[in-house]
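Q:
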Amino acid sequence: MNKPIRKAVVPVAGFGTRLLPVTKSVPKELLPIVDVPAIQVIVEECIASGIEEVIFITARGKAGIVDHFDYSYELETYLAEKNKPRALETVRRVSSMIRTIAVRQKEPLGFGHAILCAKEVVGDEPFIIVLPDDIISSKVPVIRQMVDVYEKYGQGVVSVMRVDREDVSNYGIVDGESWAEGLYRVRTLVEKPSPDIAPSNLAIIGRYILPPIIFEYLEEAAEKHGVPIQLTDALARLAHDRALIGFEFEGERHDTGDRLGLITANIDYALKREDIGPELKEFLRKKHEAGEF
Ligand code: UTP
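Residue numbers (numbering that gives the first Met the number 0): 0 to 292.
1. Are the CB atoms of isoleucine 4 and tyrosine 152 within a distance shorter than 8 Å?
2. What's the gap between the Cα of alanine 202 and the Cα of leucine 279?
3. Is leucine 115 near phenylalanine 214, with beta carbons less than 8 Å apart?
4. Leaving out five residues before and five after alanine 264 in sequence, what residues of the same chain have Cβ atoms less than 7 Å from its Cβ?
5. At a threshold of 7 Å, does valine 11 count as lining the ligand UTP (C-beta to nearest heavy atom)?
6. Considering Cα atoms alone, identify which of Ala289, Lys286, Ala117 and Lys191 is closest to leucine 209.
7. Does the Cβ-Cβ distance between tyrosine 207 and alanine 233 come in under 8 Å?
8. Between threonine 231 and valine 9, what straight-line distance do the alpha-carbon atoms span, to the nearest angstrom?
9. Roughly how many angstroms lie between the CA atoms of serine 177 and glutamine 39, to the nearest whole one?
10. According to DSSP, is methionine 160 part of a helix, a strand, or is it coil?
11. Would you call the stretch 71-79 and the stretch 33-52 in contact, with 3 or more CB pairs under 8 Å?
12. What does the Cβ neighbour count give for histidine 287, buried or exposed, with the cut at 16 atoms within 10 Å?
13. How about the stretch 83-91 and the stretch 181-192: do they share at least three Cβ pairs that are nearer than 8 Å?
14. Tell me the rounded alpha-carbon separation between alanine 269 and lysine 27.
15. Any heavy atom of the ligand UTP within a distance shorter than 7 Å of the CB on isoleucine 56?
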């Protein structure tokens, strides 16, 4: 029987340089998808997938992310006194959503190092890494889709997506073979290859179910090569020494760490909202009719 996936590691210690200047003072994870911070969309995906604990790898200037999931006595008292039950309910729901733990990455030593910071808190159990930039709208939450694959095969699972050939140099790319619909046996992984040497156009997206041995691999890589440690190298080792499944998920992914992705995520989510969706559609329709796009 496989150990269940209970813990999600969410690294939020990066500078978010692609979204400057806003990220100079506001963590990108708190930028809104309509009126919900991006990080809450991620945490809700975790909850809907059965995750019990979220471990944030955080840094200076990022306290607001952890605060968002805390009980806010002043705000709740204020809303209760002003008789605003709906707003109060919204705020209470967030603060009681899930157990969170914050681990500080004291220096910005990269993504691989950020994951290694979670070693003690994760302990000896499989877990999922969730990159907060990758917001994916889907019928079944992508983490849940992946947990189903993990429960069936009992091996590490990385989410993958087909990208245009000319874009492969922006991603970790899978070298592997398909053995069932949407499932790939990963032979190895290549970090940001140029299109002419890329083994495929299957890109790794920010969801990874991994066994705890990944921490040893990261530590050994750090000893051998120093920092920054690449998670991709540790994943390649996992694929080689044990097994790693590439899973083509169902869903529409937005890279909200990027200007365009942040806007497409907002449009996608806003169009689905009952309160503003119809008016947004009307606004876009008028723009289209006026020949603006
Ligand atoms: P990115 O490479 O996307 O960097 O990090 P970034 O700072 O978030 O964004 P850009 O590219 O400068 O705009 C991948 C993930 O690893 C985390 C980030 O928060 C992001 O979730 N990270 C990165 C850390 O936690 N610590 C680091 O030292 C670096």
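All C-beta atoms, glycine included, are put in the ideal place defined by N, C-alpha and C.
A: So, to answer that:
1. Within the sequence shown, the letter at position 153 stands for residue 152. Within the sequence shown, the letter at position 5 stands for residue 4. No; because the gap between Cβ atoms is not below 8 Å, this pair is not in contact.
2. As a working note, residue 202 is residue 203 in the sequence shown. As a working note, residue 279 is residue 280 in the sequence shown. Rounded to whole angstroms, the separation of the alpha carbons of leucine 279 and alanine 202 is 32 Å.
3. Here residue 115 is taken as the residue at index 116 of the sequence shown, counted from 1. Here residue 214 is taken as the residue at index 215 of the sequence shown, counted from 1. Yes; because the gap between Cβ atoms is below 8 Å, this pair is in contact.
4. Position 265 of the sequence shown, counted from the first residue, corresponds to residue 264. Sequence-distant partners of alanine 264 (beyond 5 residues in either direction) whose C-beta falls short of 7 Å from its own C-beta, in its chain, are Ile32, Ile134, His253 and Thr255.
5. Within the sequence shown, residue 11 is the residue found at index 12, counting from 1. At least one heavy atom of the ligand UTP lies closer than 7 Å to the C-beta of valine 11.
6. Residue 209 sits at position 210 when you count from the first residue of the sequence shown. Nearest C-alpha to leucine 209: Ala117.
7. Numbered from 1 along the sequence shown, position 208 holds the residue referred to as residue 207. Numbered from 1 along the sequence shown, position 234 holds the residue referred to as residue 233. Inclusion of tyrosine 207 and alanine 233 in the CB contact set at 8 Å is not warranted, their separation being larger than that value.
8. In the sequence shown, residue 231 corresponds to position 232, counting from 1. In the sequence shown, residue 9 corresponds to position 10, counting from 1. Each residue's Cα considered, the two are about 17 Å apart.
9. Against the sequence shown, residue 177 aligns to sequence position 178. Against the sequence shown, residue 39 aligns to sequence position 40. If you draw a straight line from the Cα of serine 177 to the Cα of glutamine 39, it is about 34 Å long.
10. Residue mapping note: residue 160 aligns to position 161 of the sequence shown, counting from 1. In this structure, methionine 160 counts as strand in the three-state DSSP scheme.
11. By the criterion of at least three beta-carbon pairs nearer than 8 Å, the stretch 71-79 is not in contact with the stretch 33-52.
12. The count along the sequence shown starts at 1 and reaches residue 287 at position 288. Per the 10 Å Cβ criterion, exposed.
13. Taking 8 Å as the limit for Cβ pairs, the verdict is that the stretch 181-192 does not touch the stretch 83-91.
14. Position 270 of the sequence shown holds residue 269. Position 28 of the sequence shown holds residue 27. Straight-line measurement puts the Cα of lysine 27 at about 19 Å from the Cα of alanine 269.
15. One-based indexing of the sequence shown puts residue 56 at position 57. For the ligand UTP, at least one heavy atom lies less than 7 Å from the Cβ of isoleucine 56.
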